[in-house]
Every structure is written in C-alpha cells, then in structure tokens.
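Okay, so here's the structure we're looking at.
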Amino acid sequence: MAILKLKTNVGHREDNSVPQFSLSYKAEDNESNSINSYEILSALKENHDVVLEINTSLLFEPQRSLKFSPEEFLEKIRNLDLEYSCRKCPSQVKQDFFSSLFGGKKTVDCYEINVYVPDAVWKSQTIRDILPTGGVRYYIKNQPDAPRKVLDEMNRMTDKEKFIYFHYVIFDVVEYNQMGISSNHYGINDIKKVLGI
11 MAILKLKTNV GHREDNSVPQ FSLSYKAEDN ESNSINSYEI LSALKENHDV VLEINTSLLF
71 EPQRSLKFSP EEFLEKIRNL DLEYSCRKCP SQVKQDFFSS LFGGKKTVDC YEINVYVPDA
131 VWKSQTIRDI LPTGGVRYYI KNQPDAPRKV LDEMNRMTDK EKFIYFHYVI FDVVEYNQMG
191 ISSNHYGIND IKKVLGI
C-alpha cells in the first residue's frame, strides 16, 4: 500500500465544505496512484456500499489525456448495470479579464452524476478502471438499501443531512494524491486503525 499521512484539519465542524481530515498518499515501488486510492477507499468502506458523486464543473484535469467524458462514463456504468442519476446544469467558465468585459459571462454544460455501487461490484475491481482521477466524492453507507431509493433521497438531502446519513464522505483527487475525509460517526483514531497508520 501507499505511504500515508493523515492530519486533522482545524476548522469549524459545522462547515461541511471543509473536511475534518486530510489524507495524502504517495506511491512506493512505482505503484499506480489510482490503485492506491482504490485500496484506501476499499479499506475505509469495508463491506459497505458506496455512492459516487461526480460533478464535472469541479474536476481537476491538468492533463489533456485524462479528460473526463461524461458520456463514456455513463456508458460504462450502464454496462455494469448500476443504478445512477444524471442531470445537466449550466456552469460559468472562468474567463480572463478582457473577455469578461466584452463577452459577458460564458456558460457551459456540466454534469452531476451519482452512481450507487454495491459492495460486490466494488470488490470486483471493474469499477476502479473507470473512476475519474480529477475528483470524485464518495458517500459510504452503513447499511445496504435499494439503490434507486438512496439516489432519490440524496437528491433531497442537504449537505448536513448527507453527513448524518452516510458513515463517511470522502473527496478524492487522485491527480494530487489527496483525500478529504469527513465523518460524524468515526474519529481520527478509527481511521488510523482501519488504514494501519
């Protein structure tokens, strides 16, 4: 497994936009960072189901070769016969100063995709190869449930309610070897124990 560093972020616990813990992982012996990320997430999720949340407006894509295609991702999800929800929404594009003066605000379509992944599918590792490396939020459930029910309920939940409902909320950016971890159910010692650090 990767070399891991876990630290507690100082901040107000009421602010759900800031994770409680920050985890850095670094490959050793030329291991793939995607594999490291998958192994860490597998350890944290244990035998529980997980919901992936991908928002294309939040993806970090420093290299063109790693460009995320929502259409290709959805096709692969359908091939795995997984329950998902997808919605298209406008997002403002960052522009330079002069473009914003003369051209107004430019918007592009972004996608918000939620996918329910049962534990058995996760353990088959077929999902690992299709996960975006530019940023995915993982919601780890404590009990299996009807996938469609969970996805529908998530669409009605506030961020605060999601933190109560799920055991972990993890934002992972493989490109930067970083995870932000939040939990109302587990503390830093629990996470260290599960990860063996």
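Heads up, the sequence shown is in the numbering used here, so the first residue is 11 and it goes up one at a time. Note that beta-carbon positions come from the ideal geometry of N, C-alpha and C, so glycine has one too. Keep in mind it's a predicted model, so treat the numbers as computed, not measured.
Residue i versus residue j: straight-line alpha-carbon distance, rounded
| i | j | result |
| --- | --- | --- |
| residue 139 | residue 155 | 25 Å |
| residue 65 | residue 136 | 21 Å |
| residue 28 | residue 98 | 25 Å |
| residue 174 | residue 167 | 10 Å |
| residue 40 | residue 200 | Because residue 40 carries a pLDDT of 46, less than 50, the predicted location of this residue cannot be relied on, and no value is offered for it. |
| residue 178 | residue 49 | 16 Å |
| residue 161 | residue 17 | 31 Å |
| residue 51 | residue 81 | 25 Å |
| residue 190 | residue 180 | 6 Å |
| residue 86 | residue 31 | 31 Å |
| residue 33 | residue 163 | 29 Å |
| residue 44 | residue 14 | 14 Å |
| residue 67 | residue 146 | 12 Å |
| residue 54 | residue 130 | 15 Å |
| residue 74 | residue 100 | Note that residue 74 scores 48 on pLDDT, short of 50, meaning its location in the model is unreliable; the coordinates nonetheless yield the value given after this. Distance between the alpha carbons of residue 74 and residue 100 is about 22 Å. |
| residue 206 | residue 198 | 12 Å |
| residue 9 | residue 120 | Past the boundaries of the shown model lies residue 9; the chain is included only from 11 to 207, so the question cannot be answered. |
| residue 258 | residue 159 | Not covered by the structure: residue 258. The range shown for the chain is 11 to 207. |
| residue 47 | residue 204 | 14 Å |
| residue 5 | residue 70 | This structure cannot speak to residue 5, because the chain is shown only from 11 to 207. |
| residue 157 | residue 35 | 31 Å |
Beta-ladder partner(s) of residue i, from DSSP
| i | result |
| --- | --- |
| residue 65 | 122 |
| residue 129 | Its beta-bridge partners do not exist; DSSP assigns none. |
| residue 189 | 33 and 182 |
| residue 14 | 35 |
| residue 60 | 127 and 150 |
| residue 80 | In the DSSP output, where bridge partners are listed per residue, residue 80 has none listed. |
| residue 97 | 122 |
Extent of the continuous alpha helix (DSSP H) to which residue i belongs
| i | result |
| --- | --- |
| residue 151 | Segment: none, residue 151 is in no alpha helix (DSSP H) and carries neither H nor E. |
| residue 92 | Per DSSP, residue 92 belongs to no alpha helix (DSSP H) and is neither H nor E. |
| residue 54 | 43-55 |
| residue 169 | 169-175 |
| residue 198 | 198-205 |
Limits of the unbroken beta strand (DSSP E) element including residue i
| i | result |
| --- | --- |
| residue 30 | Taken as a continuous stretch (DSSP letters only), residue 30 belongs to no beta strand (DSSP E), as it is neither H nor E. |
Residue i Cβ short of 6 Å to the ligand GTP heavy atom set
| i | result |
| --- | --- |
| residue 68 | Ligands in the displayed structure: none, and consequently the ligand GTP is not present. |
task = Taking 8 Å as the threshold, find out whether the region 115-130 comes into contact with the region 57-68 through three or more Cβ pairs.
result = They touch, by the three-pair rule.
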